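Here the structure is laid out as structure tokens; the discussion comes afterwards.
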Amino acid sequence: MYEVVKAEKLTPDVTRLELKAPHIAKKAKAGQFVMLTVDEHGERIPLTMADFSAEKGTVTIAALEIGKTTKKLGTLKAGDKMFSLVGPLGLPTESHKYGTVCCIGGGIGLALMYPVVRALKEAGNKTISIIGAKNEKLLIYEKEIQSVSDEFYVCTDDGSKGHHGFVSDILKKLIADKRDVKMVYAVGPIIMMKVISNITQPHGIHTVVSLNPIMVDGTGMCGSCRVIIGGETKFGCVDGPEFDGHKVDFDNLIARNRRYMAEEQISLKKFQEGK
Ligand code: FES
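In this text, residue positions in the sequence shown follow this note's numbering: the first is 309, and each later residue adds one.
Written out as structure tokens, the structure reads:
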């Protein structure tokens with residue numbers, strides 16, 4: 309059992325939990341994820357870590373409450389126990405010294421972007437961050453990301469804060485201004501990562517995306533998280549979750565992530581009806 313040290317709502321639909329897990333915190337690196345089960349009868353879901361502290365012995369996760377399990381997560385309070393937590397899983401972000409890097413995040417992806425920008429900054433890179441959300445109220449991890457960024461841009465779809473438009477608009481401008489961006493990192497909605505990868509490809513800018521395929525075991529055994537990378541089948545859990553954005557078959561990923569939509573809706577309905 310894993311104790312919830314702190315629970316808070318970042319937005320009405322996003323919960324952040326800090327969990328006591330010293331053995332995971334000790335080994336965790338930016339870009340890695342954990343598999344968690346809220347209670348004995350719950351499903352296993354992967355969540356990329358939003359933070360970790362070896363000193364405190366805690367890992368932090370942030371979840372958008374859209375399905376049964378993430379809604380259950382949202383009910384946890386400090387002092388509650390989580391049934392299981394496995395990790396750290398997946399490969400860490402390759403935080404080399406590239407020079408100037410541009411990290412782009414959207415929606416819940418902003419939570420996992422924070423440790424990645426921090427790791428890239430610690431590796432000696434100049435960090436440009438572009439963050440986006442539908443509106444100002446849905447922007448999360450803004451202060452944290454800004455604190456590790458040399459240059460920082462905010463975008464909202466409705467113009468309530470920062471640039472009125474998409475994160476890709478700012479990236480296009482940086483490229484047009486001939487900024488010497490050596491690496492682009494994108495995490496967020498699949499369609500956003502696809503657009504970013506399509507923008508950087510003709511310019512030959514190395515682009516890394518953090519994928520979110522459906523996972524079951526998270527250890528390379530079940531094949532549920534198959535993704536197509538450069539025409540080859542890879543497993544998101546052990547070969548990723550980060551991949552070369554120019555090689556990802558995004559349309560296949562979108563189709564595979566929709567596989568269980570009907571079942572997920574039934575499960576959520578039953579949960580909301582208290583069954
Ligand atoms: S989640 Fe089962 S192989 Fe990746």
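Glycine residues also receive a C-beta, built at the ideal position from the N, C-alpha and C atoms.
Predicted model, so just to flag it, every value in this text is computed and none were measured.
For residue i, three-class secondary structure by DSSP
i	result
G526	coil
L447	coil
T377	helix
S518	strand
L344	strand
H404	coil
L363	The residue asked about is misnamed: residue 363 is Glu in this sequence, not Leu. DSSP places E363 in coil when its eight states are reduced to three.
R564	helix
I499	helix
I513	coil
E452	helix
8 Å contact criterion, which residue i and residue j should meet: CB distance rounded
i	j	result
I412	V535	The Cβ separation is near 20 Å, so there is no contact.
M427	S457	Here residue 427 turns out to be Ala, not Met, going by the sequence shown. Their Cβ separation, rounded to whole angstroms, is 13 Å, which puts A427 and S457 out of contact at 8 Å.
D465	K442	5 Å
N602	I522	Outside the displayed range of the chain (309 to 583) lies residue 602, so it cannot be described from this structure.
L420	V495	6 Å
H471	V462	7 Å
M309	F391	7 Å
I448	V322	6 Å
A371	L384	Between L384 and A371 the Cβ distance is about 10 Å, and since that is not below 8 Å, they are no contact.
G417	M343	The pair is not a contact, with the Cβ atoms about 19 Å apart (cut-off 8 Å).
T319	K445	6 Å
E550	L399	7 Å
T401	G440	Contact doesn't hold; Cβ gap of about 20 Å is too wide.
V425	I453	6 Å
G544	T515	Contact doesn't hold; Cβ gap of about 17 Å is too wide.
Extent of the continuous alpha helix (DSSP H) run through residue i
i	result
H331	P330 to A333
V535	From DSSP, V535 is part of no alpha helix (DSSP H) but of the beta strand (DSSP E) over R534 to I537.
D552	Segment E550 to D552 is the beta strand (DSSP E) holding D552; no alpha helix (DSSP H) there.
Residue i Cβ short of 7 Å to ligand 1 heavy atom set
i	result
V524	yes
C411	no
F543	yes
C463	no
S532	yes
G528	yes
Any non-hydrogen atom of ligand 3 closer than 7 Å to residue i Cβ
i	result
G398	This structure does not include ligand 3; its bound ligands are ligand 1.
Straight-line Cα distance separating residue j from residue i
i	j	result
V367	F558	30 Å
K555	L519	12 Å
D388	V312	5 Å
I504	K429	21 Å
H349	T377	11 Å
D477	M501	13 Å
V346	L327	12 Å
V546	K379	27 Å
I513	G407	12 Å
P423	A358	6 Å
A431	I353	30 Å
V489	T541	29 Å
V524	S437	32 Å
A333	F341	11 Å
P497	S532	19 Å
I369	L479	28 Å
S455	C410	15 Å
E351	T527	15 Å
A336	N433	21 Å
R487	G414	22 Å
L325	G365	14 Å
First through last residue of the beta strand (DSSP E) which encompasses residue i
i	result
E430	Looking at the DSSP string, E430 is not in any beta strand (DSSP E); the run it does join, the alpha helix (DSSP H), is G417 to E430.
T383	It is not in any beta strand (DSSP E) - T383 carries neither H nor E in the DSSP assignment.
L482	Not the beta strand (DSSP E): L482 falls in the alpha helix (DSSP H), residues V475 to A484.
I436	K434 to A441
G395	S392 to L397
A315	Y310 to T319
C545	Unbroken run through C545: none, as it is neither H nor E.
V462	E459 to T464
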